[in-house]
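Structure first, then comments.
2 protein chains.
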Amino acid sequence: MSTPGFTFTVTARDGNARTATYITPHGAVETPAFMPVGTLGTVKALTSEEVASTGARVVLGNTYHLALRPGEDTVRALGGLHRFARWTGPMLTDSGGFQVFSLAARRTVDDDGVTFRSHIDGAPRRLTPEESVRIQAVLGSDIAMAFDECPPGDADRATIERAMRRTSAWARRCLEAPRGASQALFGIVQGGIHEDLRRAHLEDLGGLDWDGLALGGLSVGEGVEDMHRVLRAIGPELPEERPRYLMGVGAPRDLLVGALCGIDLFDCVLPTRNARNGQALTWRGRVNIKQSRHRRDDAPLDPRCDGACCTTGYSRGYLRHLFVSKEILASRVLSLHNLHFLGALLAATRRAIAEGLAERFVEETLQGWREGDEVGPAVPMTRPERWRAEK
Amino acid sequence: MSTPGFTFTVTARDGNARTATYITPHGAVETPAFMPVGTLGTVKALTSEEVASTGARVVLGNTYHLALRPGEDTVRALGGLHRFARWTGPMLTDSGGFQVFSLAARRTVDDDGVTFRSHIDGAPRRLTPEESVRIQAVLGSDIAMAFDECPPGDADRATIERAMRRTSAWARRCLEAPRGASQALFGIVQGGIHEDLRRAHLEDLGGLDWDGLALGGLSVGEGVEDMHRVLRAIGPELPEERPRYLMGVGAPRDLLVGALCGIDLFDCVLPTRNARNGQALTWRGRVNIKQSRHRRDDAPLDPRCDGACCTTGYSRGYLRHLFVSKEILASRVLSLHNLHFLGALLAATRRAIAEGLAERFVEETLQGWREGDEVGPAVPMTRPERWRAEK
Numbered sequence: 369m370s371t372p373g374f375t376f377t378v379t380a381r382d383g384n385a386r387t388a389t390y391i392t393p394h395g396a397v398e399t400p401a402f403m404p405v406g407t408l409g410t411v412k413a414l415t416s417e418e419v420a421s422t423g424a425r426v427v428l429g430n431t432y433h434l435a436l437r438p439g440e441d442t443v444r445a446l447g448g449l450h451r452f453a454r455w456t457g458p459m460l461t462d463s464g465g466f467q468v469f470s471l472a473a474r475r476t477v478d479d480d481g482v483t484f485r486s487h488i489d490g491a492p493r494r495l496t497p498e499e500s501v502r503i504q505a506v507l508g509s510d511i512a513m514a515f516d517e518c519p520p521g522d523a524d525r526a527t528i529e530r531a532m533r534r535t536s537a538w539a540r541r542c543l544e545a546p547r548g549a550s551q552a553l554f555g556i557v558q559g560g561i562h563e564d565l566r567r568a569h570l571e572d573l574g575g576l577d578w579d580g581l582a583l584g585g586l587s588v589g590e591g592v593e594d595m596h597r598v599l600r601a602i603g604p605e606l607p608e609e610r611p612r613y614l615m616g617v618g619a620p621r622d623l624l625v626g627a628l629c630g631i632d633l634f635d636c637v638l639p640t641r642n643a644r645n646g647q648a649l650t651w652r653g654r655v656n657i658k659q660s661r662h663r664r665d666d667a668p669l670d671p672r673c674d675g676a677c678c679t680t681g682y683s684r685g686y687l688r689h690l691f692v693s694k695e696i697l698a699s700r701v702l703s704l705h706n707l708h709f710l711g712a713l714l715a716a717t718r719r720a721i722a723e724g725l726a727e728r729f730v731e732e733t734l735q736g737w738r739e740g741d742e743v744g745p746a747v748p749m750t751r752p753e754r755w756r757a758e759k
Numbered sequence: 369m370s371t372p373g374f375t376f377t378v379t380a381r382d383g384n385a386r387t388a389t390y391i392t393p394h395g396a397v398e399t400p401a402f403m404p405v406g407t408l409g410t411v412k413a414l415t416s417e418e419v420a421s422t423g424a425r426v427v428l429g430n431t432y433h434l435a436l437r438p439g440e441d442t443v444r445a446l447g448g449l450h451r452f453a454r455w456t457g458p459m460l461t462d463s464g465g466f467q468v469f470s471l472a473a474r475r476t477v478d479d480d481g482v483t484f485r486s487h488i489d490g491a492p493r494r495l496t497p498e499e500s501v502r503i504q505a506v507l508g509s510d511i512a513m514a515f516d517e518c519p520p521g522d523a524d525r526a527t528i529e530r531a532m533r534r535t536s537a538w539a540r541r542c543l544e545a546p547r548g549a550s551q552a553l554f555g556i557v558q559g560g561i562h563e564d565l566r567r568a569h570l571e572d573l574g575g576l577d578w579d580g581l582a583l584g585g586l587s588v589g590e591g592v593e594d595m596h597r598v599l600r601a602i603g604p605e606l607p608e609e610r611p612r613y614l615m616g617v618g619a620p621r622d623l624l625v626g627a628l629c630g631i632d633l634f635d636c637v638l639p640t641r642n643a644r645n646g647q648a649l650t651w652r653g654r655v656n657i658k659q660s661r662h663r664r665d666d667a668p669l670d671p672r673c674d675g676a677c678c679t680t681g682y683s684r685g686y687l688r689h690l691f692v693s694k695e696i697l698a699s700r701v702l703s704l705h706n707l708h709f710l711g712a713l714l715a716a717t718r719r720a721i722a723e724g725l726a727e728r729f730v731e732e733t734l735q736g737w738r739e740g741d742e743v744g745p746a747v748p749m750t751r752p753e754r755w756r757a758e759k
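Chains P and G, in that order, are what the protein sequence lines are. The number in my numbering is simply the position in the first sequence, starting from 1, with 368 added. The number in my numbering is simply the position in the second sequence, starting from 1, with 368 added.
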């Protein structure tokens with residue numbers, strides 16, 4: 369059932385939430401965990417040492433992007449994805465499906481696969497389940513993903529059902545395709561925001577020989593309430609004994625809701641992309657650093673944060689100046705901060721689950737945020753540990 | 369003569385070259401030294417911790433840029449330039465003269481000062497010797513520079529002579545203007561590539577109450593042979609007992625020639641700007657990382673370099689990929705490398721001067737470079753210490 373080198377052990381349960389230790393050939397990860405995205409072999413703006421410092425244990429690579437540039441053969445010639453990207457921990461590659469459907473120009477889908485043109489130079493290329501698994505094997509990730517068709521969030525029911533049928537057929541071909549000897553393969557459940565379709569697809573795929581199961585096709589344009597409804601309905605029904613991965617989700621609130629629904633793994637470009645757009649994640653909500661209110665504010669981004677950005681003298685005023693001056697250092701510091709925040713958020717979530725306080729932790733944390741709002745000048749505030757003392 | 373808090377002590381001489389210890393209120397610097405440029409309060413792409421790791425002790429700020437954005441009053445409100453930019457060591461600010469003449473739109477020079485429009489938003493502003501010193505005092509640098517007129521490298525003799533006369537008059541006004549209690553002030557010698565004009569200007573300014581003297585108006589478009597000729601003629605004639613600063617020069621060869629001519633301090637954007645353009649400085653010459661020859665090269669940039677870039681697994685192939693993919697990490701790693709290289713180059717220069725081997729070190733180092741060429745795939749090569757063993 370499980371690929372050699374991988375074990376998944378649930379260590380605590382609290383309602384539908386759980387903590388687990390997932391051991392891979394490149395090391396262990398405590399879940400629930402957020403996995404930063406290193407699209408082209410680098411988590412944008414950061415070194416691998418910095419990424420590791422945020423508590424991240426698994427980094428993603430994008431098969432579509434790496435296959436187009438520098439090409440999987442170049443990655444192999446340079447020692448494989450771990451050596452290439454200087455990441456010694458576990459790596460996960462997606463299948464390329466999502467990017468083919470969202471980025472490629474002039475794509476044509478048939479039941480065998482997808483023909484498309486590169487978004488970089490227009491060169492033609494074809495991706496099939498077998499080709500996706502082959503590329504992922506060449507890249508050498510620890511966890512490969514099945515090649516799926518991911519319809520947009522506003523797709524009609526018939527389109528979603530057709531994508532499910534293709535994804536189901538492709539899933540079986542992915543499982544048959546040769547992959548790395550110590551490379552796990554996760555299946556992807558589609559079905560949009562329709563609980564009955566999600567259940568049907570899960571029933572079809574759940575019994576196959578996957579190392580883990582993912583929910584795809586969420587956070588793709590549907591409303592957040594719909595996403596949470598699907599998570600609450602389907603999350604707890606995903607197989608118990610294998611990792612559950614919610615793809616493309618990284619907003620702090622969605623991570624907390626996902627963890628309560630029993631999700632183990634998350635990935636998203638949100639923390640690093642938002643950072644490059646001047647948006648910081650904090651224990652009080654989002655901070656838009658370019659606002660003029662920060663111009664002469666000598667306080668750190670978040671006095672509750674113990675990351676380098678908030679404890680080594682980067683003032684909001686200086687960060688604002690760096691951002692409006694388009695200095696690279698702004699992207700660096702905010703990216704590091706946002707990943708550190710998500711790392712701390714999920715570490716606190718794991719502690720809360722272990723202590724049977726998951727619901728309360730999520731509730732109090734959400735109350736502390738005024739998402740969409742901006743926080744005012746930094747003020748003294750309760751420590752994240754406060755709610756634990758009140759147990 | 370000297371501003372309180374500063375001492376300059378020559379520690380070794382070798383021909384016209386010398387080593388010295390320059391003590392400032394924010395710490396000591398061993399010279400000859402290269403000073404990275406932090407135009408807007410950040411050495412582009414790097415943290416202050418990284419800059420310090422390259423051996424740099426003094427960082428520059430640009431008065432023109434900082435006065436326009438975020439404004440000197442904002443820097444003061446955020447604790448002054450050191451606190452703002454998180455640099456605990458000495459800082460030097462230029463006078464704004466060079467930028468006013470090279471960047472500002474629609475500038476009008478008169479004998480009192482310069483009226484110009486900001487290159488950012490076209491807002492009108494005026495800079496005079498007194499205003500330049502006032503802004504530098506507000507910024508709070510350790511070393512302020514006199515406000516000078518810097519003519520372009522192709523200016524005719526009459527233009528240069530007029531600029532010298534203005535610079536001389538402005539120099540005296542800068543010395544009279546109130547500045548920080550522990551803020552040194554350096555004068556600037558102009559005169560283009562004309563040795564007689566340089567000597568005349570030095571004679572006019574050299575006896576004034578400066579803490580140090582700089583050569584301005586070099587590396588501004590004149591030929592490199594002309595620059596070296598002026599350096600050889602004028603460098604050794606600069607006052608012995610005070611620091612000598614060659615402004616805007618950062619090419620490795622020019623640093624070595626400058627050191628042989630008795631220069632103590634250098635600054636330039638070259639190492640960081642070249643880095644962002646994919647050009648690395650190495651002990652074998654310049655490496656243009658975007659060349660396709662590096663595509664599958666697993667070797668480090670420079671096996672003789674002991675910096676993080678060359679000792680922690682960044683392959684040329686990976687760096688090329690980062691660069692062509694426009695990843696921020698490329699600018700980061702190459703900037704750090706180039707500053708590390710210049711730091712190591714000047715540390716080796718100081719050792720050579722102390723051992724009486726300055727000429728030989730420079731000759732052998734220049735022979736090892738094929739500047740303008742590219743180095744081939746990395747090969748084993750002699751250590752930088754080899755020439756020392758042959759003493």
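Just so you know, even glycine gets a beta-carbon here, dropped at the ideal spot from N, CA and C. The model shown is predicted, which means the values in this text are computed figures rather than measured ones.
Any beta carbon from chain P within less than 8 Å of residue i's own beta carbon?
i, result
"Leu697 (chain G)", "yes"
"Ser486 (chain G)", "no"
"Asp489 (chain G)", "no"
"Pro438 (chain G)", "yes"
"Leu623 (chain G)", "no"
"Arg661 (chain G)", "no"
"Lys412 (chain G)", "yes"
"Tyr432 (chain G)", "no"
"Asp594 (chain G)", "no"
"Phe554 (chain G)", "no"
Could you tell me whether any Cβ in chain G is nearer than 8 Å to the Cβ of residue i?
i, result
"Val690 (chain P)", "Before going on, a small fix: residue 690 (chain P) reads as Leu here, not Val. Chain G contact via Cβ: present."
"Ala472 (chain P)", "no"
"Gly429 (chain P)", "no"
"Ala435 (chain P)", "no"
"Ser509 (chain P)", "no"
"Phe709 (chain P)", "no"
Just mark residue i as buried or exposed, buried being the case when its beta carbon has 16 or more other beta carbons within 10 Å.
i, result
"Ile561 (chain G)", "buried"
"Asp549 (chain P)", "Going by the sequence as given, residue 549 (chain P) is Ala instead of Asp. Flag for Ala549 (chain P) reads exposed."
"Gly589 (chain P)", "exposed"
"Asp632 (chain P)", "buried"
"Val625 (chain P)", "buried"
"Ser509 (chain G)", "buried"
"Gln504 (chain P)", "buried"
"Glu417 (chain G)", "exposed"
"Ile488 (chain G)", "exposed"
"Gln551 (chain P)", "buried"
Less than 7 Å between the CB of residue i and some heavy atom of the ligand GTP, yes or no?
i, result
"Gly574 (chain P)", "Questions concerning the ligand GTP fall outside what the structure shown contains, since it holds no ligand whatsoever."
Once the 5 residues before and after residue i are set aside, which same chain residues still bring their CB inside 8 Å of it?
i, result
"Arg664 (chain G)", "Gly685"
"Arg540 (chain G)", "Leu576"
Might you give, ordered along the chain, the residues of its own chain that have their beta carbon closer than 7 Å to the beta carbon of residue i, omitting 5 neighbours on each side?
i, result
"Ala385 (chain G)", "Ala627, Leu628, Gly630, Ile721 and Ala726"
"Leu714 (chain G)", "Pro400, Ala401, Phe402 and Leu623"
"Thr379 (chain G)", "Thr387, Ala388 and Thr389"
"Tyr682 (chain G)", "Pro668 and Val701"
"His433 (chain P)", "Thr407, Leu408 and Gln467"
"Ala676 (chain P)", "Leu704"
"Gly763 (chain P)", "For chain P, the structure presents residues 369 to 759; residue 763 (chain P) sits outside this window and is missing."
Enumerate in chain order the residues of its own chain whose CB-to-CB distance from residue i is below 6 Å, with the five nearest sequence positions on each side excluded.
i, result
"Leu446 (chain P)", "Phe452"
"Gln558 (chain P)", "Ala531, Met532, Thr535, His569, Gly584 and Gly585"
Requested in this report: Spell out a yes or no on whether the stretch 635-644 of chain P and the stretch 423-433 of chain G are touching, meaning 3 or more CB-CB pairs, one atom from each, closer than 8 Å.
Outcome: no
Requested in this report: Just list the alpha helix (DSSP H) runs in the stretch 540-593 of chain P, keeping only unbroken ones of 4 residues or longer that don't cross its boundaries, in chain order.
Outcome: 563-574
Query raised in the report: Using 8 Å as the Cβ pair cut-off and three pairs as the minimum, do the stretch 494-501 of chain G and the stretch 563-579 of chain G touch?
Result: no
Query - alpha helix (DSSP H) runs wholly inside the stretch 659-705 of chain P, at least 4 long, in chain order - result: 676-679 and 684-692
Query raised in the report: Residue ranges of each beta strand (DSSP E) run of no fewer than 3 residues wholly in the stretch 471-501 of chain P, ordered along the chain?
Result: 473-477, 482-485 and 492-495
**Report entry** Complete alpha helix (DSSP H) runs within the stretch 406-445 of chain P (minimum length 4 residues, chain order)
**Finding:** 416-421, 431-436 and 440-445
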